[in-house]
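Here's the structure we're looking at; comments come further down.
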Amino acid sequence: MLLSLLIFIPLLGALGLLVLPSDRHDLMRGYTLAVTLIVAVLGAMLWFQFDASIATQQLTENRHWFLIPYHDAPGFVEVRYALGVDGISILLVALTAFLMPLVVLSTPGHVKHRVKEFLVWLLVMQTGMMGVFLAMDLVLFYTFWEVSLVPLYFMLGIWGGERRLYATVKFFLYTVAGSLVMLIAAVWMYLHFHTTSIPELTELAAASSLEVQGWLFAAFALAFAIKVPVIPFHTWLADAHTEAPTSGSVILAGVLLKMGTYGLLRFGIGMFPQAAVASSTAFMILGAVGIVYGAFLAMAQTDVKRLVACSSVSHLGYVVLGMFALTQSGLRGSLLQMVNHGLSTGLLFLLIGMIYERRHTRELKDYGGVAAVMPVFAFFFVFAVLSSVGLPGLNGFIGEWMILLGSFQANPWIAGIAVTGVIFGAVYLLRATRLMLFGEVTNEANQKLQDLNLREVGLMVPIAVLCVWIGVAPNMFLDRTTASLDLLAERVEAAQTTLELSAAEASTEVPR
Amino acid sequence: MHDNWLWLIPGLPLLGSLLCAVMYAVTLRQRKDSPGTEGLGPVAGWTAVAMMAFAFVLGLKGFFGLRVEGVTELSSAAWDWIHVSDSLNVDVAMVLDRLSGAMTLVVTGVGLLIHIYAVGYMKGDPGFAKFFAYLNLFVAMMLVLILSSSIVGTFVGWEGVGLCSYLLIGFWYRKGWPAEAAQKAFVVNRIGDAAFLLGMFLLVQLVGSFDYAQINSDIALQNFDASKAWQLGLAALLLFGGACGKSAQIPLFVWLPDAMAGPTPVSALIHAATMVTSGIYLVIRLNPLYASAPAVMMTIAIVGALTAFVAGSSALRQRDLKGVLAYSTVSQLGYMFLALGVGAWSTALFHVITHAFFKALLFLAAGSVIHGMHDEKDMHKMGGLRKHMPKTFLAFTAGAAALSGLPLLSGFFSKDEILAMTFQHGGVYLLLWGIGIATAAMTAYYSWRMVALTFFGEERFDAAHVHPHESPRLMTMPLYALAVLAIGAGVLNLPPVLPADGYLTHWLEPVTREGTRILGGAHHMSHTTEWLLLGLGSVIALAGAHFGFHHHKRGIGADQAFEAKRPQLAAALGDAWGIDRTYKLWIVGPIMLGARMIAVVIDQVIIDGAVNGLGRLAQSTGHRVRKTADGSLSTYGLWMGGAACTLVVLWMWMGN
């Protein structure tokens, strides 16, 4: 029941919001905050009820939903309303529950018109995201996947920046293209395996031939790679991030992109381990190149929000790299890094939003010397930057370091490329810090900037605390993922053995 | 049994840092009502000093603990930090052994004196409490670096001191260039850190543990087949790359001269006495690894000697007082690496310690001069200051004498030991020894040039505007303490020809035993050779000091004459042989250009061009796509509905 509540309380909350008077902004915000806080409490309950020693799905719910007839035989395939949580999804569910109240708290600064609509979409989005992480049926998963796209589409189109139309269309086309490919693969799987249950499909697909796995993997991986985004599918992200309202950017970086990396892990590697093993080097290279490429992109930006958007490409490169290293360290680090990126990049987007609301510019050259005028802002900005560059003691280090170690174990050469991200990451983030915060106040308009208020500080403090917490005591987070990831690693190992055996067979057959 | 109090050694300064940060926040709030108030600043300063004093006392407690018969190390319970995989865990304990014990005393002792000095130096600065928050955080991180039982723990401190260095170099961020210097320091250090990471990964791959104890014993027992020897060597080389970053060696030394943009106590503490020696610490800590990689040892010796020479010669032509000291620091660090490269582990530590004393002294005394001269750093605008600040003059001279290696002072013994150890290796090392001797001559020369230009000759400053004055007692007392240490610290490790010789070498023996054994044991020179080398060292130092002083005691004439006679050489030495400029031209420039190329050509033209092309295709065929974003809900609904229908049709079509 807990999982259903996590998914549907936001949706119910959205319905309730519809009957509230549209001109009472504070009431609506308070109400939405309350709804998301309830979900956060439920998320905390889930966190503590979760049994880290179980590798498979737990707290499952499984009900009849509807039937689809077979096309080639009498009888039906039953689509079930199946939910469950395991070590792969628990961190992301918790992150979603944790971030949403803070996102709601951030809205008074940047959402001034059509407030009700915005809050409705925010809640609908939470339903979609929770559903994606908790669904254990492919049809259900796909439904939530699509549901989670719609709200961002509106947020971008209605509350976005100057080039919002371009960004919206681009975002839409990209994601629809990805979704369609995934849909085709999903339909094929239903036709072939006669089930839509994700655990069952995982068994069946993993047992099928490399050729079958390869095609299905390609389709799913494409959809997820667009979402992550893995280069060269990343160009929608910079535009979407730059044009999205602050809360949209935070959710996009914090959770929506993680749907892509989550999908790669659960479907790409989990369902098609042979294909994943066969393509692991390619994906590791994509990840490592993404780290460097994203960093170079970020170095060249003059718009601070776009810079952080590009840094996302770089950071998600780490996640992809660690995942496809297929080592314990890489997998654990990758999963933790999904959370870390959500926290530190989320923090950066919040901060940029806050200063944008004051100055209405995102150009680095319009700032300079802000630290002298807004010391509290400067503190949080530097903190977020340090978390983002992976300073030991903060969250980013644990993830990055484990990923680099894990990928070094798998392929030292690729890790050697990736490790330069440690340098370039410092270059672009410190450059932005210097241009924004340090030096003389050259622009008169910056002279009178008001420092952060209590609400703004208050909504960032929980994130900052969590950053330190993960950095100092990461095991409490890592240990929850261990059992499930170890199971995944075992399956990957089995697939590797199968591949090696068939390769050996093939080579002995050749002489005849 | 665990000595958990060891956690307090870094813990107390960390606590101090947090307290100072809170006090700074309170002060900022108070300033809203009464602008310009000192607020809790002074309280914060003394809190930080107190924490340092406690940490020093704990360091002494550890030192006496180690003197007990049969005790080689004290260790705390481990912090269970990262569960990396089934077979790999990161546990960090605090371990005080002979090496970390000695380093702890230096860091907390010199650190304490510098903290006291800083209370006087930073008086009236609006960021007073913040300064001490950073300073205490730095000491905490340095102690983590030194005391960690695990190489990952060292990396935490390694990056932590890098952060504090960044924050403190850029402390006066309102001026643009400290901020730029800070960024440069962090980025160049990160280059080293990337190498450190790879070296650590490779080492762990080979040994299967992050613990120094495990790593060292595995390597000492030679638990490796020969095919892995090159991997060990590579790991050693990569870790040395990390050391090059932090300890400012060629090719990564360029950040240190710029780091002088920070307040002077910072230059003394971080960029002379402690942080920059962490590379030396790392190599000593892993001495069995380096001992089993002879090619890497040789590389280290060569890099060290070259750095000593290049930086030493650059120091000759600096006009900025702190600039001379900065290049001198790089040069002296080069000596330390030269010592490591010839396997003289304890000698390197000896020079770390004496250098910490005399270089901290010189920086603080220089700070006192700059303070008294109203932030003037150009020696050409000083002169004759000995009358105005006699105490500072005395202290500075003691430091310069020790640095230049005048007989019987601390720098004399430690530097001569390095040169002697290099000499007895023979062969190509004789060449390195020659470089070392030449550098020693230059060291003495620039040391006394500094003394002469600053304190002797006519007064070249504008007496109408600048009124040089002696610094308060709070600043001069630490100078005296350091001066005593700088003069006398040579007794720590006297040469074998003197009585009570080699205390430090014996002290460090449990740590360096394996490394020395792998290298084939310690060699001993004949007493005659030893005496000859000591004599040569004395002559070189005295001659260098003599010429350095007498060329410049009458003012800037000698400098101008040199510039007129050899303008190109003077310019080359003035900016460290143009290495920094070369980097800007050949590395930084192309990278920034590459970034712009990627952002514009690849990203916008090629990738986005393709995407937009597809988009336009969709628009021209569908034509209604453009209306999708007109903001009206009914249109969206129509779109979504249409899409859903398409999906259903597709589904059914695939289904049949």
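As they're listed, the protein sequences go chains A and B. First residue of the first sequence: 1, per this note's numbering; consecutive thereafter. First residue of the second sequence: 513, per this note's numbering; consecutive thereafter. By construction, the Cβ of each residue, glycine as well, lies at the ideal position given by its N, Cα and C atoms.
- [ ] Give me whichever residues DSSP pairs with residue 413/A in a beta bridge.
- [x] Answer by DSSP bridge pairing: none, since residue 413/A is not bridged.
Task: residue 535/B versus residue 767/B - alpha carbon distance - done: 32 Å
Open item on the list: Just to confirm before moving on: does the CB-CB distance between residue 924/B and residue 918/B stay below 8 Å?
Closed with: In contact: residue 924/B and residue 918/B (Cβ atoms closer than 8 Å).
Open item on the list: Does the CB of residue 479/A have a neighbour CB from chain B at under 8 Å?
Closed with: yes
Task: Residues near residue 900/B in its chain [Cβ-Cβ closer than 6 Å; skip 5 each side] - done: 980
- [ ] Whole angstroms is fine: what's the gap from residue 967/B's alpha carbon to residue 961/B's?
- [x] 10 Å
Task: Residues in the region 654 to 682 of chain B having any Cβ partner in chain A nearer than 7 Å - done: 667, 668, 671, 672, 675 and 682
Open item on the list: Relative to the C-alpha of residue 382/A, which candidate in 200/A, 352/A and 66/A has its C-alpha closest?
Closed with: 352/A
Task: Assigned secondary structure, residue 1115/B (DSSP; H/G/I helix, E/B strand, else coil) - done: helix
TODO: List the whole-angstrom C-beta distance separating residue 881/B from residue 909/B, where the pair is believed to meet the contact cut-off of C-beta under 8 Å.
DONE: Not really, about 12 Å apart at Cβ, beyond 8 Å.
Open item on the list: Taking beta-carbon pairs under 8 Å, can you tell me which members of the region 708 to 726 of chain B lie near chain A?
Closed with: 709, 710, 713, 714, 716 and 717
Open item on the list: Check this for me: beta carbons of residue 131/A and residue 484/A, under 8 Å apart or not?
Closed with: no
Open item on the list: If you follow the beta strand (DSSP E) that residue 974/B is in, where does it begin and where does it stop?
Closed with: Membership of residue 974/B in any beta strand (DSSP E) is not indicated, and neither H nor E is assigned to it by DSSP.
- [ ] Mind checking which residues open and close the alpha helix (DSSP H) that includes residue 550/B?
- [x] Taken as a continuous stretch (DSSP letters only), residue 550/B belongs to no alpha helix (DSSP H), as it is neither H nor E.
Task: Cβ-based burial, residue 855/B [other Cβ within 10 Å; buried from 16] - done: buried
Task: chain B contacts made by the region 356 to 375 of chain A, where a contact means CB separation under 7 Å - done: 369, 371, 372 and 375
Open item on the list: If I follow the unbroken beta strand (DSSP E) through residue 327/A, where does it start and stop?
Closed with: First-last for residue 327/A: undefined, no H or E at that position.
Task: Best match in 67/A, 104/A and 21/A for proximity to residue 40/A [C-alpha to C-alpha] - done: 104/A
Task: CA-to-CA distance, residue 637/B to residue 1063/B, given in whole angstroms - done: Those two C-alpha atoms are separated by around 38 Å.
TODO: Measuring only between beta-carbons, confirm whether residue 21/A sits less than 8 Å from chain B.
DONE: False, the Cβ-Cβ gap to chain B never drops below 8 Å.
Open item on the list: With a threshold of 8 Å between beta carbons, is residue 409/A in contact with chain B?
Closed with: yes
- [ ] Just the chain B side, please: which residues come within less than 8 Å of residue 415/A by C-beta, in chain order?
- [x] Ordered by position in chain B, the residues that pass the 8 Å Cβ test against residue 415/A are 710 and 713.
Task: Inside the region 894 to 930 of chain B only - alpha helix (DSSP H) runs reaching at least 4 residues - done: Runs of the alpha helix (DSSP H) inside the region 894 to 930 of chain B: 902 to 916.
Task: Neighbourhood of residue 595/B by C-beta, 7 Å cutoff - its chain only, sequence neighbours within 5 removed - done: 601
TODO: Tell me whether residue 80/A sits in a helix, a strand or coil according to DSSP, three-state version.
DONE: Three-state DSSP puts residue 80/A in a strand.
Task: Buried/exposed call for residue 119/A, threshold 16 Cβ in 10 Å - done: buried
Open item on the list: Please give me, in chain order, every unbroken run of the alpha helix (DSSP H) with length at least 4 that falls completely inside the region 777 to 850 of chain B.
Closed with: 790 to 797, 799 to 803 and 806 to 827
Open item on the list: Less than 8 Å between the beta carbons of residue 674/B and residue 769/B, yes or no?
Closed with: Contact: no.
- [ ] Could you please give the first and the last residue of the uninterrupted alpha helix (DSSP H) stretch that includes residue 1092/B?
- [x] 1091 to 1095
Open item on the list: Could you compute how far the alpha carbon of residue 759/B sits from the alpha carbon of residue 26/A?
Closed with: 56 Å
TODO: State buried or exposed for residue 1076/B, treating a residue as buried only when at least 16 other CB atoms are found within 10 Å of its CB.
DONE: exposed
Open item on the list: Judging by CA-CA distance, which residue of 433/A, 408/A, 478/A and 432/A is the nearest neighbour of residue 399/A?
Closed with: Cα-wise, what sits closest to residue 399/A is 478/A.
- [ ] Using a Cβ cut-off of 8 Å, pull out every chain B residue sitting near residue 318/A, in sequence order please.
- [x] Simply none; closest approach about 13 Å.
- [ ] Mind the definition here: the region 738 to 746 of chain B touches the region 833 to 848 of chain B only if three or more C-beta pairs lie below 8 Å; say whether that holds.
- [x] no
- [ ] Mind reading off the beta-carbon distance from residue 85/A to residue 126/A? Whole number of angstroms is fine, and I expect it under 8 Å.
- [x] Incorrect: roughly 16 Å between the Cβ atoms, too far for contact.
Open item on the list: Which residue wins for smallest C-alpha separation from residue 956/B, given the options 976/B, 1054/B and 1036/B?
Closed with: 1054/B
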